[in-house]
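Novice: Residue 234 is where the sequence shown ends in the working numbering, and the numbering goes up by one at each step.
Positions of the beta carbon are idealized from the N, C-alpha and C atoms, including for glycine.
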Amino acid sequence: MTHNIITSANAPAAIGPYSQATLHNGTMYVSGQIPLDPKSGELVSGTIEEETHQVMKNLFAILQEAGMGFDNVLKCSIFVKDLGNFAKINEVYGSYFTANPPARETVEVSRLPKDVNVEISCIAAL
């Protein structure tokens, strides 16, 4: 099995032994993104909406690196620390998928990397 490693300078560098994304036979698997600003390396904090926008920007940067966009996304996985934020996260998330949204699940978890409030991963295809 061969696959290509996809890395974007416009998204946060991996903070562990994983790649930002891998591409195999036209399908890209994007690792979970958290609200890290790729330029400063600092967490975007403030409202859950601001955090979610940063996560989506990070995902888009990785998708772009492979010549894709949100229209190529087949499925997303959303991990949240508090499902009470679901409506606000959903509103921001939905603004990036205006037509033909992908499949997805949203799961509340007890803790996320760097104690963030939201993490999103996706699968996309050419």
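Indicate whether the contact test is met: 3 or more Cβ pairs, each with one atom in the stretch 131-138 and one in the stretch 191-209, closer than 8 Å.
Specialist: no
Novice: For the beta strand (DSSP E) holding Lys-183, just list the boundary residues, first then last.
Specialist: Counting along the chain, Lys-183 sits inside the beta strand (DSSP E) bounded by residues 181-188.
Novice: Using DSSP bridges, identify the partner residues of Met-176.
Specialist: Paired residue(s): none; Met-176 is not in a bridge.
Novice: Taking 8 Å as the limit between beta carbons, can you name the residues of its chain near Val-217, skipping five residues before and five after?
Specialist: Phe-187, Val-188, Lys-189
Novice: Please report the Cβ distance between Pro-210 and Val-181, rounded to the nearest whole angstrom; I am assuming they are in contact, meaning their Cβ atoms lie under 8 Å.
Specialist: About 5 Å separates the two Cβ atoms, so the contact holds.
Novice: Mark Asn-208 as exposed unless 16 or more other C-beta atoms lie within 10 angstroms of its C-beta, in which case mark it buried.
Specialist: exposed
Novice: So the beta strand (DSSP E) Arg-112 belongs to, where does it begin and stop?
Specialist: With the sequence shown as reference, residue 112 is identified as Asn, and Arg is not the correct amino acid for it. Where Asn-112 is concerned, the enclosing beta strand (DSSP E) stretches over 112-114.
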